[in-house]
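K.L.:
Please see the structure below; I have some questions.
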Amino acid sequence: PCPQSQTTVSIEVTAAPNAGVAVAISDICDTETALDLTTGLTGQDAGGTWNDDDGTGGLTLNLFDATGVAAGTYNFTYTVAPTGPCAVADTETVQVTVVRSPTSGTAVSPNLTLCNTDAALDLDTSLTGADAGGSWTDVDGTGGLIGNMFDATGLATGTYDFTYTVPALGPCPQSQTTVSIEVTAAPN
Numbered sequence: 004p005c006p007q008s009q010t011t012v013s014i015e016v017t018a019a020p021n022a023g024v025a026v027a028i029s030d031i032c033d034t035e036t037a038l039d040l041t042t043g044l045t046g047q048d049a050g051g052t053w054n055d056d057d058g059t060g061g062l063t064l065n066l067f068d069a070t071g072v073a074a075g076t077y078n079f080t081y082t083v084a085p086t087g088p089c090a091v092a093d094t095e096t097v098q099v100t101v102v103r104s105p106t107s108g109t110a111v112s113p114n115l116t117l118c119n120t121d122a123a124l125d126l127d128t129s130l131t132g133a134d135a136g137g138s139w140t141d142v143d144g145t146g147g148l149i150g151n152m153f154d155a156t157g158l159a160t161g162t163y164d165f166t167y168t169v170p171a172l173g174p175c176p177q178s179q180t181t182v183s184i185e186v187t188a189a190p191n
């Protein structure tokens with residue numbers, strides 16, 4: 004009989020590229036400057052590249068800068084290039100929802116002047132660019148504020164502060180603007 008012949012064959016198994024699995028990213032505020040998109044993936048291979056699918060212009064490497072981006076949901080795709088005999092790249096898309104920050108506006112004038120005999124002043128007119136739905140606070144406790152109307156009747160002369168607050172919205176913090184009103188005495 005013939006002796007038995009053996010041959011050993013080695014097979015190298017190369018892992019296919021893995022872009023991971025997308026996981027939920029909490030909504031972000033439009034003031035976020037450096038959201039790490041890799042927090043939206045699990046199990047991914049390192050060394051992949053990111054694509055700004057919706058053309059926000061806010062992507063640098065794996066960081067998304069949401070400043071100046073309109074509120075909405077945006078897609079970013081992570082791609083891991085083919086390796087060895089695995090000729091197909093792997094991709095995974097991460098969604099990010101950007102929430103618009105509330106804004107309490109800007110004071111029309113650094114100091115408004117009101118005579119202590121004038122009709123009530125609508126404080127909303129002292130702001131520009133403010134979101135509706137906020138509330139006014141009488142910082143100095145004059146007792147002359149009802150809703151958004153300030154009545155200076157009978158108040159001593161002086162400068163009084165009022166703060167307009169728009170509540171937080173999702174991940175975005177509240178916004179506040181303070182308006183100063185100088186109350187003067189009526190001429191005799």
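Using my numbering, the letters of the sequence shown correspond one by one to residues 4 to 191.
The beta carbon of each residue, even a glycine, is placed where N, CA and C say it ideally should be.
Taking the C-alpha atoms as reference points, what is the distance between V2 and Y163?
P.N.:
The chain is shown from 4 up to 191; residue 2 falls before or after that span and cannot be answered.
K.L.:
For S8, which three-state DSSP category applies?
P.N.:
Coil at S8, not helix or strand.
K.L.:
Taking P174 as the reference, which of D121, T180, V102, D143 has the closest Cα?
P.N.:
The shortest Cα separation from P174 among D121, T180, V102, D143 belongs to V102.
K.L.:
Compute the distance between the beta-carbons of P105 and P20, then report whether it is under 8 Å.
P.N.:
No, they are not a contact pair.
K.L.:
For the beta strand (DSSP E) containing L115, list its first residue and its last residue.
P.N.:
114 to 118 is the extent of the beta strand (DSSP E) around L115.
K.L.:
What are the partner residues of N78, as DSSP defines its beta bridges?
P.N.:
Partner(s): Q98.
K.L.:
With a cut-off of 8 Å on the beta carbons, I'd call T76 and T100 a contact; round off their distance for me.
P.N.:
That pair is a contact at about 5 Å.
K.L.:
Using only alpha-carbon positions, find the residue among Y167, L38, T45 that is nearest to S183.
P.N.:
Checked all of Y167, L38, T45; the closest Cα to S183 is Y167.
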